[in-house]
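First comes the structure, then the notes that go with it.
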Amino acid sequence: MPLSSRGGSPTPYSVGDDGLSENSDDFAPTITSLQSPPRPRGVLQSLNRVFLAFANYGSANKKEKLQHMDGAKWAKFCRDCGLQNSKTFTAVQVDLAFQKVKTKGERRVDFEEFKDAVAMVAELRGESFADVCELINAKGGPQSNATRAEYVKFADPDNFTGAYAANVGRSSVMRHVPSNWERELKNVKPTPRLKKLFNAHCAFGKGDKDLMNQKTFCKVMKDCNLFDKKFTPTRADIIFTKIKAHGERVIKLDGFTRALQLVAQEKNASYEDLVEHVCACDGPASSGTAALWTKFHDDKSTYTGAYAAIAGASKSTRVHESHDAWKSKRQPPEPVKGLRPVFDAFSAFGGGQPGS
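Written out as structure tokens, the structure reads:
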């Protein structure tokens, strides 16, 4: 079937079972047509199998075979079958051949268009269509050039532990093996005084009385004067990080007792003596700055308006006087000799009336 009948770029030849045939007289002066001897239908059947192998290479759907080939598969086909070279059929010509045979507006070619593309390859390479088909059928299909992974010790199933060992059918081992310092800690019961101190510090600043964070733990150490040159706030942070559960930010009372055991080891003291020292301390200390006395804030007698009503301060009745009330309280001055004639003279200047 000519390519022009399917809407693609006009191509002056098509491929049937017997090879390449001319469709236009204009084609003869420019490109020499190939004359291939008759060959059996099995050649095209083998070519069709190669076409389907490349068209479905890398496809996730193994049940339904694709009947079309895109540009990437066509380029791989030309490389793997040894059709592409650096002289007669370059990478640019690979793309141009695909663009010529495909239907306009489409991105894939079917087997009929694929045969036309193979015929164009044979024309460009200066070979017969039959020879190119034999070269293609000799390759058989797509070649995978993936890198082979080397042996990795940590990927060996014999070295798997935990959940990985269980997944491959091996016996699982303990997920978390206690460290030496964890095995040395004892499960001690907190005293009522220690529990009271723990709850008081946790609730300080409107916190949860049953949960202690890292900041509060360091505050307990500071309020109880436990910090020295050896046991620093940094060591306290490290101890808290050891005790708390992975992914958590707080500890409970049992974690606090375990943390005190580590603190006792840092200070070379017994756990009982350390607990006695901690319980002897007062509650959480507040070191906030005390505000100075301010007249306009602390003296409620100076409040007015709504602030006086809220504070409960007594208010004096405000007396409103008229604008001219000051005149009634003012005494007239004594008359000045010679002032009246001057006033009348200025009043009469310019046509005015004396005395006004």
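Just add 52 to wherever you are in the sequence shown, counting from 1, and you've got the working numbering. In this text, a Cβ means the ideal position worked out from N, Cα and C, and glycines have one as well. Please read all numbers here as calculations on a predicted model, not as lab measurements.
Query	Result
Return the CA-CA distance between residue 122 and residue 159, expressed in angstroms with no decimal places.	6 Å
Excluding the 5 residues flanking residue 407 on each side, which residues of the same chain have their C-beta closer than 7 Å to its C-beta?	396 and 399
Is residue 327 buried or exposed, if buried means 16 or more other CB atoms sit within 10 Å of its CB?	buried
Is residue 353 buried or exposed, if buried means 16 or more other CB atoms sit within 10 Å of its CB?	exposed
Report the option in 110, 171, 152 and 132 whose CA atom is closest to the CA atom of residue 96.	171
Could you name the residues of the same chain whose beta carbon sits closer than 7 Å to that of residue 390, not counting the 5 residues immediately before and after it, in chain order?	none
Work out the CA separation of residue 216 and residue 237 for me, nearest whole Å.	31 Å
Can you tell me the Cα-Cα spacing of residue 279 and residue 358, whole angstroms?	50 Å
Going by DSSP in three states, residue 301 sits in which element: helix, strand or coil?	coil
Under the assumption that residue 355 contacts residue 363 (Cβ atoms under 8 Å), give the Cβ distance between them as a whole number of angstroms.	5 Å
By Cβ distance, which residues of its chain are closer than 6 Å to residue 296, with the 5 residues on each side in sequence left out?	303
Quick check: what's the CA-CA separation for residue 233 versus residue 314?	9 Å
If you measure between the beta carbons of residue 335 and residue 249, is that distance less than 9 Å?	yes
State the CB to CB distance for the pair residue 104 and residue 185, rounded to an integer number of angstroms; the pair is presumed to be in contact (CB under 8 Å).	Rounded, the Cβ-Cβ distance is 15 Å, inconsistent with contact.
Under three-state DSSP, which class holds residue 155?	strand
From residue 162 to residue 120, what does the alpha carbon distance come to, in whole angstroms?	5 Å
Do residue 142 and residue 177 have their beta-carbon atoms positioned less than 9 Å apart in this structure?	no
To the nearest angstrom, report how far apart residue 282 and residue 318 are at their CA atoms.	8 Å
Taking residue 255 as the reference, which of 243, 268 and 240 has the closest Cα?	268
Closest by CA to residue 253, which one among 242, 265 and 132?	265
Less than 8 Å between the CB atoms is what I'm expecting for residue 174 and residue 150, so what's the real figure, rounded?	Not quite, the Cβ-Cβ distance comes to about 15 Å (not below 8 Å), so this is no contact.
Short of 6 Å in beta carbon distance, which residues of its chain neighbour residue 346, apart from the five on each side in sequence? Order them along the chain.	none
According to DSSP, residue 208 sits in a beta bridge with which residue or residues?	Its beta-bridge partners do not exist; DSSP assigns none.
Leaving out the 5 sequence neighbours to the left and right, which residues in its chain are closer than 7 Å to residue 118 when beta-carbon positions are compared?	107, 108 and 111
State the DSSP-derived secondary structure class of residue 277, mapped to helix, strand or coil.	coil
I need the DSSP call for residue 101, collapsed to helix, strand or coil.	helix
Going by DSSP, name the residue or residues bridged to residue 161.	121
From which residue to which residue does the alpha helix (DSSP H) around residue 351 run?	Element bounds for residue 351: n/a, residue is neither H nor E.
My output table needs one value for residue 137: the three-state DSSP class, helix, strand or coil.	coil
Looking at the strands, I want to know which residues DSSP matches up with residue 264.	303
Output the distance between the C-alpha atoms of residue 310 and residue 239, rounded to the nearest integer angstrom.	8 Å
Thinking just about the alpha-carbon of each residue, which of 330, 134 and 298 is nearest to the one in residue 415?	Since the first residue shown for the chain is 53 and the last is 408, residue 415 is missing from the structure and cannot be characterised.
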